[in-house]
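**Q** Starting off with a structure, shown below.
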Amino acid sequence: MSDRREDLAFASIHELAPKIKDGSVSPVELTQIALERVAKLDSKLNSFLDVWQDEALAFAAKAEREIASGDYKGPMHGIPIGLKDLVDVEGKPTTAGSKVLQANIATSNATVTKRLNRAGAITIGKTNLVEFALGSAGVNPYTGDARNPWDTDKITGGSSSGSGAAVAGGLVHGALGSDTGGSIRMPASLCGLAGLKPTYGRVPRTGVMDLSWSKDHVGPMTRRTADCAHMLNVIAGHDPRDIASSTQNVPDFAADLDKGLDGLRIGIPEHYFFDPDIVDPEVLSSVNTAIELLANNGAEIVRIPMEWVSQGRAINVIISVAEGLAVHEKLIAEHADDYTPAVRTRMLTALSIPAVDYIRAQRARQAFSVQMAEATEGVDVLATPSIPVLAHTIEECTVPPGEALAEKSHEIPLFTSIFDVTGEPSLSVLCGFDPTNMPIGLMISGHAFDEATVLRVGHAYEELTSWHTKRPPL
Amino acid sequence: MRMYPANTQPLVYIRIRNRSPSTPANPHTTTMPNTEKNHRAEHISNAAHRVGIPISEDHAQLVAKSSDALYDAIDTVRTLEYQDHEPCNVFHPVVFADGSDKGDDQ
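These protein sequence lines map, in sequence, to chains A and B. Heads up, the first sequence is in our numbering, so the first residue is -9 and it goes up one at a time. Heads up, the second sequence is in our numbering, so the first residue is 10 and it goes up one at a time.
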């Protein structure tokens, strides 16, 4: 692939949009490049489960004609993307990465699919995932593991594993993920991306396979924070068919990107997130350096005691598996042998939860959310590591049939899951590399429905650094 | 920025009674005898049968062995102390800034 075509493959949506609008970059060429890269690289990455070459090229040609005739629909117009394979596309399989749903053909588009189509994005196919999105490492023995473009022996993180690998590998410019305990931000961190879990209710989940009704979020995964803003602009907004969908006003999430850090107060938790007994020293070093950079460029740093915050993880575990089994009760009763062993085992652990403990977890969650709101009242965002550990190998995270679940995977969502409990927006951005050249993520989390400030901080950080310009050694 | 109105008391207010660091969250997870694991497995097996999910004795044992983190989580949440005079709306558990406890989705 020529330098120009590779540069186009790794260009951000933010850079490409004005060039697509003025006709200097062709959506057809971008789509051809994406398809070429899938053909060339996906045997290594296993990031896509299904690719729709002819439809994608036809859609790209249509986009090109529309733009040439002056009907430009906005920054996602003509941009090749992927959808996690739990998002419905009419007439296409939605397998959720499971044999159980191998013959499941979607009869309509998910709301987010419709909105992306309407914005002129070019969906080239469905990305790999952990079976039914229940897992943090990214492994899936049924579909085959997605592999991290920075080192294909390492995990991508999950559950949006294929979305992480596809975007990091320059196969597409953005992808949708879903996040119940960190499934957007964990692969974003491990693959070196920007991944945004929006506020609970901000993006409707109609037509997206459930895992945990009270905690599921859908959001963008891209190489730059600004690109998350552009994708969120398209997919956010009320949908009455999702009971949790918010009627809050949807602002232009890209409007404040260039406002910089002046006047912003960034909270740093004094507990848990920076505990050297939990967090790898390489992660601590990179994240602390990133925070120093933010402080040196206009942000005020505020230390916040949060001795209670680790309890959010326990609340998350109970709600996730209890609701997960409730979602899957019928399927697992009828198709138990078609589930992969680890996911089936994890689902069935919920049989140990008395009803009173599920209710107790939801009550504790409300109190926890209020306490988080009080603690963060005086700051605009919190900055923390996204995940506490460095990337494990796929082998370390693979559970052999007949063995108990791997402890390694339990460490990965310790921090991300806190903000699935509160429902607040939370972004992972690339903030460095460990000595083995694996990415490290900085997590920026904000107040409910204030994605704009979270994105502003992420974008400001990227503008001060060049980590995002590195490309994986594929 | 407040996530609930300044003049409104939160529905519940958590105060977490931290365990002593020397006391594991669930002593069973580190020192649990086989009889306890067997008891867990039996409970899992019975619960599965009640909801019509097929499960072998061996698999129930495996699920029991894989449940340590969950049992820890349950024990942790049971230690939380908060004012519980207000009911929780479990269908809208996310508390947000708009003055609603329902995530503004009315």
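We put the beta carbon where it would ideally sit given N, CA and C, even for glycine.
Report the neighbours of His52(B) on chain A: residues whose CB is nearer than 9 Å to its CB, in chain order.
**A** Leu341 and Ser342
**Q** Would you check if the segment 261 to 277 of chain A and the segment 350 to 366 of chain A touch, i.e. whether three or more CB-CB distances between them fall below 8 Å?
**A** Taking a cut-off of 8 Å on C-beta distances, the segment 350 to 366 of chain A does not touch the segment 261 to 277 of chain A, as fewer than three cross pairs fall below it.
**Q** Using a beta-carbon distance below 7 Å, is Val307(A) in contact with chain B?
**A** Answer yes: the Cβ-Cβ gap between Val307(A) and chain B drops below 7 Å somewhere.
**Q** Give me the Cα-Cα distance between Lys34(A) and Asp40(A), rounded to the nearest whole angstrom.
**A** 15 Å
**Q** Going by DSSP in three states, Leu76(A) sits in which element: helix, strand or coil?
**A** coil
**Q** With DSSP run on the structure shown, which of helix, strand or coil describes Phe122(A)?
**A** Helix at Phe122(A).
**Q** Would Gly392(A) and Pro415(A) qualify as a contact pair, given that the criterion is a beta-carbon distance under 7 Å?
**A** No; because the gap between Cβ atoms is not below 7 Å, this pair is not in contact.
**Q** Within the chosen definition, does the segment 197 to 212 of chain A reach the segment 65 to 81 of chain A through at least 3 CB pairs nearer than 8 Å?
**A** yes
**Q** Would you mind working out which of Asp252(A), Leu20(A) and Ala93(A) sits nearest Ala48(A), comparing C-alpha positions?
**A** Leu20(A)
**Q** CA-CA distance, Met221(A) and Thr412(A)?
**A** Approximately 23 Å, taken between the alpha carbons.
**Q** List the DSSP bridge partners of Phe38(A).
**A** Note: Phe38(A) sits in a beta bridge opposite Thr117(A).
**Q** Among Cys421(A), Pro378(A), Ile145(A) and Lys116(A), whose alpha-carbon lies nearest the alpha-carbon of Phe264(A)?
**A** Pro378(A)
**Q** Against chain B, does Leu395(A) count as a neighbour if the rule is that its beta carbon must be under 7 Å from one of theirs?
**A** yes
**Q** Take the Cβ of His306(A) as the centre, count every other Cβ of all protein chains shown within 10 Å, and call the residue buried at 16 or more, exposed below.
**A** Sequence check: residue 306(A) is Asn here, not His. The residue is buried, with at least 16 neighbouring Cβ atoms inside 10 Å.
**Q** Taking the alpha-carbon of Ser376(A) as reference, which of Glu290(A), Thr443(A) and Ile174(A) has the nearest alpha-carbon?
**A** Ile174(A)
**Q** Any beta carbon from chain B within less than 7 Å of Leu338(A)'s own beta carbon?
**A** Taking Cβ atoms only, chain B reaches closer than 7 Å to Leu338(A), which makes this a yes.
**Q** Could you check the C-alpha separation between Asn35(B) and Ile83(B) for me, to the nearest Å?
**A** Unreliable placement is indicated for Asn35(B), whose pLDDT of 48 sits below 50; the coordinate value is still reported in the next sentence. For Asn35(B) and Ile83(B), the distance between alpha carbons rounds to 9 Å.
**Q** Looking at chain B, which residues of the segment 212 to 240 of chain A have a Cβ within less than 9 Å of any of its Cβ atoms?
**A** His228, Asp232, Ile233, Ala234, Ser235, Ser236, Thr237 and Gln238
**Q** Just checking my contact of Ala155(A) with Ala136(A) at CB under 8 Å: how many whole Å lie between their CB atoms?
**A** Correct: roughly 5 Å between the Cβ atoms.
**Q** Taking a Cβ distance cut-off of 9 Å, strictly less, list which residues of the segment 71 to 87 of chain B are near chain A, in chain order.
**A** Leu71, Val72, Ala73, Lys74, Ser75, Ser76, Asp77, Ala78, Leu79, Tyr80, Asp81, Ala82, Ile83, Asp84, Thr85, Val86 and Arg87
**Q** Can you confirm whether Arg350(A), when its beta carbon is compared against all beta carbons of chain B, has any partner nearer than 7 Å?
**A** Taking Cβ atoms only, chain B reaches closer than 7 Å to Arg350(A), which makes this a yes.
**Q** Counting only the same chain and skipping the five closest in sequence on each side, list residues whose C-beta sits under 7 Å from that of His67(A).
**A** Ile10, Ala53, Ile57, Ala109 and Gly110
**Q** Measuring straight from C-alpha to C-alpha, what distance separates Val317(A) and Asp200(A)?
**A** 7 Å
**Q** Using a Cβ cut-off of 7 Å, which residues of the segment 400 to 415 of chain A contact any Cβ in chain B, in chain order?
**A** His400 and Gly413
**Q** Spell out the partners DSSP gives Arg293(A) in its beta bridges.
**A** Ile258(A)
**Q** Could you check whether the segment 402 to 410 of chain A touches the segment 171 to 185 of chain A, counting it as contact only if at least three pairs of C-beta atoms, one from each stretch, sit closer than 8 Å?
**A** yes
**Q** Answer yes if the segment 241 to 256 of chain A comes into contact with the segment 428 to 442 of chain A, meaning at least three C-beta pairs across the two stretches below 8 Å, and no otherwise.
**A** yes
**Q** Taking only three categories from DSSP, how would you classify Ala373(A)?
**A** strand
**Q** Under 7 Å between C-beta atoms, does Thr335(A) make it to chain B?
**A** yes
**Q** DSSP three-state label for Gly167(A), please.
**A** strand
**Q** Can a CB atom of chain B be found closer than 7 Å to the CB of Ile322(A)?
**A** yes
**Q** Residues of chain B with CB closer than 9 Å to the CB of Glu319(A), please, in chain order.
**A** Residues of chain B passing the Cβ test: Val60, Gly61 and Ile62.
**Q** Under the assumption that Met(-9)(A) contacts Glu26(A) (Cβ atoms under 8 Å), give the Cβ distance between them as a whole number of angstroms.
**A** 7 Å
**Q** Taking 6 Å as the cut-off, is the beta-carbon of Val15(A) closer than that to any non-hydrogen atom of the ligand NAD?
**A** Summarising the ligand content, the structure contains no ligands, and the ligand NAD is consequently not present.
**Q** For Val198(A), which beta-bridge partners are listed by DSSP?
**A** Val198(A) pairs with Val77(A).
**Q** Are any of the Cβ atoms in chain B nearer than 7 Å to that of Ala467(A)?
**A** With chain A covering only -9 through 464, there is no way to say anything about residue 467(A).
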